[in-house]
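Worksheet: one structure, shown below.
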């Protein structure tokens, strides 16, 4: 299982382009323009009465607009109300209600006006209302006594709030009451019981209303429901009647459905377009009814219909006029059904068809403002200008109102104004501002100069040219320095100036120039386009089945554009990889060591660049290792005892006995048949049935001598076929079908070859299979010509006209009759070569490498066949710069279909070409048009063929070069640029020298000694400079210095370096970082511990290198061990090393011709003895424990002797003195508490005494056990050796002052207790 997907960044460009289109009409803010409302509060604005009221109104314009407000239709003087302020440079109002002012005092309808010298814009009418969350009215709620099975409605009747509250039912524990098909909440908040059950009895049905705007919840008084079951009613009746009375309540009886809401058989509902339509039906009945919804005369709208509240509520979102109709809800149970029809009418508040848009005109121009809206009922349209009804506004001779359109003619600067369109009906209104701004402005281009666009090949390229001007400028695009205007189907020109290349190719790379012009001027802008190769995963991860504890590896090898740096991310089940050392991420693979069951899942390799993203996925399945010994699974044995029964003309029944399964269940049986009459010995697939089935009814064809066999299949494989069944010959019949794939294609200009696919043997249905072939010329009133042929698949009609259409049909027949009438197909007689060459061939040279050729199409009759297209032959005659002819290599371009133009790419600049055009049909090519000669203009040259730097001295270098392989014109000069490079690879000032075109060498003198230089060298023609070649070299340190050999040009950086003259160093230049000449890894350092080592290094070379670390035991001949470094980090931790061992280590970079650092040696630290000390083995601890044990033994002996003597202890004396009942001992005989006494003192239990915390005492617990004492408070010995402390049972623990430990008893605790 593997998935792969690719995402291109072109979608982001498309979104950007659409955003540009939206803002294309915006007037730059540095130009005069009327106000535009940019932000305003909603029409229905409900505010929190506890917070300040903020009414928004923001606008832009030039000059900046001033703001004013009306309230309830009259001017609102803000300066006279101390609680109201307007934000600076804004029209937003802030009403301060924190000083005891009530929000209700500022209810009303507000409207904002933004005004400057060019007009006035107005906001919507903003209705301000404070939210309200009133309390429930006090009411006395009587308990609801209801009989089991009856229906019940608990009314909520929430207080009317603003906005309306959200209703829910809960109990006293604030838990939502469970709802079901039987018990549910209606849209009005009431709780409906279709039938009550005894478990519905409770006293805390509470309705809550949550007012979200004020974040408050109001609670209704609890409602009590008591459900009387039939059994309890019978018991009550029996208790009040004599034995002779006949009594007994009726049992719970089932009832058909009755609607609780809505009432009656029909109702009406009006909803507005775009809203959510909610229809509800709740029914009573026993059993609980089920609700179903239908729309009379139509279907419920797909994708917009939802059922809620156990299908009691029908919800249709985004309703439209098409949803008008009758909706029927049907409630049904086992005893019957009922229904209700709701007639729904969808009305519509006004909505825009065409909203008016800002209009920018130059003086004398014409224009229109269009305001079109729809609704139900149809809205009325009214116009205002600068906030005043247009009927009473100052007249403008350039303006004419025509219903929903205002027409402007020959506007002048005074015609600038803001127009408002108001569309309203009884359900609402729309208000839109649109200004008319009369300006005279030359074109300006808003897109930044030299902006770089990058796209992936074969994806759309959108090159922006945002502009403004009045009159509206015309936009033209050019490619290259002296390219011609771009036209043709390969480009799309958008109204906002954007140039779209639907399918960008590598040759689309270059400079594009956008030119904007109107009658007031012209401007242009250049942008750059780079087309990159797409990123491709050339080796994708594959599906793996791995046993536990084994190793799994997924590959992800990529190919990408060399200028894009990809990043590879691995995901597991669309999440990050687990933070586990077992997951090893390599440069192009993922390895999972010691696989476990939790590693099962989908692994995805994602490759991202700045322009595109590709991914591929594969599934890892972890399986258990095979058991030992393994159970032998095998294919099943073949079925036995095949039997044919129920023979009919077109069917028969086959049965069999399955063979042995061999430890793998049979999943299915495959039935095959042999036609002994037509294809003896060949078995065909008939059908297959599940493994549990041993009988099948088979369909048969006429005139077939059938034999059948059965094959069993399990997970291991297929069994051998069973023995064949007995034969069964079916009767003959007419053919059921005709030949397929009938075609008519001529092989010669005067014939028609009719072919078809013959029927199979059993399809003949009888002996004597033949075919009736019929044909006639199409669109000619001819009779059918027919011929009967033997069982063949081709017939040739001779003597036909060249390439004319024919109607053809082929019918099967046998000795019993004909097949059904066949369908007709259209064929054509043979083609001949075209007769006429294309005429009026014209060549338009677009640039030095591209030309466009046009021709007139040939008449279709002269094609004499299927027109396949046109071929353009073109070839280079000679180069205009070298004046030397060479071998003529003709190139051919084919243009499919009836195309009359084409592009000739890949031309060589400054050359002479010839071409001709020919028409092509299925037979071949027609005659060629006369040769057309055209010439390509000069282009930029290729790079010089080589650049050598030789003879380095202390202060000079010699440069030699070869002329460009492709001069593409007349060379005018060479340009040499060079600059010094210091030791940190920073560039110094650039020096430029222009060299005559006839030179091939140059000696640079007055250079600094032992200095590296970088050279840039290119040729140029009159068109421009060609691509450059670079080299690097150094001047020698002294006369005895080592002279390095020259490096071949054009193969990257050279190892030769050089320096500038001393004059260039009089002022220290500013240097710029560049890449090192060759990669190197140096300063490998190691910090080793016992079992691991930190390796770090310094790297100089290309970015994004992938490193690895190799290591091994020093002096060993074993192979180096290799570890891959994740990412481009310059450090790595080697783990799992042996303590006290010398190691060798080195660092390398992947893909750099095996480049690696020098070796480094390190030694791990010696293994340290464990510092952990087992206290149980220490002599002092053993002695201490022995002393504690002896002390405990002495204590036991003393306690035993004292107890037998019966005397009072010092503890007893203290207890008698304090008389605290909380510390009374427990009696030995009955487990109760009493005072301590000797054997003669048996006092009863005092009322003040108490038992242990668990109220029980175990008799087997010894009173003499010091373990019991140790679990109580601290025990201590007095000076006379008596034990001081409270006696308690095991279960009662009361911490004593100074020792609050709750640890279990241990010798250490005992020691602490007795110190």
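Residue numbers (the working numbering): 214 to 1528. We put the beta carbon where it would ideally sit given N, CA and C, even for glycine. Bear in mind the structure is a predicted one, so any value in this text is a computation, not a measurement.
- Of the choices 784, 1199 and 966, whose alpha-carbon is the least far from that of residue 803? When only C-alpha atoms are compared, the closest one is 784.
- Task: State whether the region 1108–1122 contacts the region 1058–1071, with contact taken as three or more CB pairs (one from each stretch) at a distance under 8 angstroms.
- Result: The region 1108–1122 vs the region 1058–1071: in contact.
- Query: Where do the N-terminal and C-terminal ends of the alpha helix (DSSP H) with residue 1076 fall, by residue?
  - Reply: Note, residue 1076: alpha helix (DSSP H), 1073–1076.
- Opposing strand residues paired with residue 552 [DSSP bridges]: Paired residues: 543.
- Less than 8 angstroms separating the beta-carbons of residue 1120 and residue 1172? No. Outside cutoff.
- Kindly list the residues whose CB is nearer than 6 angstroms to the CB of residue 916, restricted to its own chain and excluding five residues on each side of it in sequence; keep chain order. Result list for residue 916: 945, 978 and 979, in chain order.
- Item | Same chain only: Cβ atoms within 6 angstroms of residue 360, ignoring 5 sequence neighbours per side | Excluding its 5 nearest sequence neighbours in each direction, residue 360 has C-beta neighbours in its own chain below 6 angstroms: 441, listed in chain order.
- Query: Given a threshold of 16 other Cβ atoms within 10 Å of its Cβ, counted over all protein chains shown, does residue 1294 qualify as buried or as exposed?
  - Reply: Residue 1294 is buried by the Cβ-count criterion.
- Opening and closing residue of the beta strand (DSSP E) in which residue 319 lies: If you look at residue 319, you'll find it isn't in any beta strand (DSSP E); DSSP assigns it neither H nor E.
- Give the straight-line distance between the Cα atoms of residue 689 and residue 482, rounded to the nearest whole angstrom. When only Cα atoms are considered, residue 689 and residue 482 end up about 57 angstroms apart.
- Message: Quick check: the Cα distance between residue 340 and residue 323, rounded to an integer number of angstroms?
- Response: Approximately 6 angstroms between the Cα atoms of the pair.
- Item | For residue 469, the first and last residue of its enclosing beta strand (DSSP E) | Counting along the chain, the beta strand (DSSP E) containing residue 469 begins and ends at 468–474.
- Task: May I have the straight-line CA-CA distance separating residue 959 from residue 1015, to the nearest angstrom?
- Result: Taking the straight line from one Cα to the other gives about 9 angstroms.
- Query: Using the beta-carbon count (16 or more within 10 Å), is residue 1061 buried or exposed?
  - Reply: Classification of residue 1061: buried, given that the 10 Å Cβ count is 16 or more.
- Message: Strictly by DSSP, which residues pair up with residue 820?
- Response: Looking at the DSSP assignment, residue 820 forms a beta bridge with 781 and 827.
- Going straight from the alpha carbon of residue 313 to that of residue 636, what length do you get? Between the alpha carbons of residue 313 and residue 636 lies a gap of roughly 40 angstroms.
- Nearest CA to the CA of residue 402: which residue from 485, 757, 1107 and 369? Residue nearest to residue 402 within the set 485, 757, 1107 and 369 is 369 (criterion: CA-CA distance).
- Within its chain, find whatever has a CB closer than 8 angstroms to the CB of residue 912; leave out the 5 residues flanking it on each side and keep chain order. Counting only Cβ-Cβ distances below 8 angstroms, and skipping sequence neighbours, we find 863 and 864.
- Item | Simplified DSSP assignment, three categories, for residue 195 | With the chain running from 214 to 1528 in the structure shown, residue 195 is simply not present.
- Item | Option nearest residue 985 by Cα separation, candidates 1037, 1348 and 1140 | For the options 1037, 1348 and 1140, the alpha carbon positioned closest to that of residue 985 is the one of 1037.
- Using 8 angstroms as the Cβ pair cut-off and three pairs as the minimum, do the region 1186–1199 and the region 1222–1234 touch? Segment contact: the region 1186–1199 against the region 1222–1234, three or more CB-CB distances shorter than 8 angstroms; contact assigned.
- Grab the span of the beta strand (DSSP E) containing residue 1117 for me, first residue to last. Looking at the DSSP string, the run of the beta strand (DSSP E) that includes residue 1117 is 1114–1117.
- Item | Helix, strand or coil at residue 370 according to DSSP, with G and I counted as helix | Coil, per DSSP.
- Does the beta-carbon of residue 633 have 16 or more other beta-carbons within 10 angstroms, so that it is buried, or is it exposed? Residue 633 should be labelled buried.
- Query: Who does residue 649 pair with in a DSSP beta bridge?
  - Reply: Beta-bridge pairing links residue 649 to 572 and 630.
- Item | Nonlocal neighbours in the same chain, by C-beta distance under 7 angstroms from residue 1136, ignoring five residues either side | Excluding residues within five positions, the ones whose Cβ falls inside 7 angstroms are 1044, 1045, 1046 and 1078.
- Query: What number of angstroms, rounded off, separates the C-alpha of residue 1244 from the C-alpha of residue 1200?
  - Reply: Across the structure, residue 1244 and residue 1200 are spaced so that their CA atoms are roughly 14 angstroms apart.
- Task: Output the distance between the C-alpha atoms of residue 645 and residue 568, rounded to the nearest integer angstrom.
- Result: Looking at the backbone, the Cα of residue 645 and that of residue 568 are separated by about 7 angstroms.
- Message: Is it buried or exposed, residue 494, if we count other Cβ atoms within 10 angstroms and call 16 or more buried?
- Response: With 16 or more Cβ atoms within 10 Å of its Cβ, residue 494 is classed as buried.
- Message: Relative to the C-alpha of residue 1041, which candidate in 962, 1027 and 996 has its C-alpha closest?
- Response: Checking every option, the nearest Cα to that of residue 1041 belongs to 962.
- Message: Threshold first: 3 residues or longer. Then list the beta strand (DSSP E) segments lying entirely within the region 1024–1076, N to C.
- Response: Entirely contained in the region 1024–1076, the beta strand (DSSP E) runs reaching 3 residues are, in chain order, 1038–1041, 1052–1060 and 1063–1069.
- Query: Name the DSSP beta bridge partners of residue 358, please?
  - Reply: DSSP output for residue 358 lists 439 as bridge partner(s).
- Query: Hey, out of 578, 638 and 1215, whose CA is closest to residue 732's CA?
  - Reply: Of the listed residues, the one whose Cα sits closest to residue 732 is 578.
- Message: As a quick exercise: from 1000, 1027, 684 and 525, pick the residue whose alpha carbon is nearest that of residue 976.
- Response: Answer by Cα proximity: 1027.
- Task: Take residue 315 as the anchor and find which of 357, 261 and 549 has the nearest alpha-carbon.
- Result: It is 261.
- May I have the straight-line CA-CA distance separating residue 509 from residue 539, to the nearest angstrom? Between the C-alpha atoms of residue 509 and residue 539 there is a straight-line separation of about 6 angstroms.
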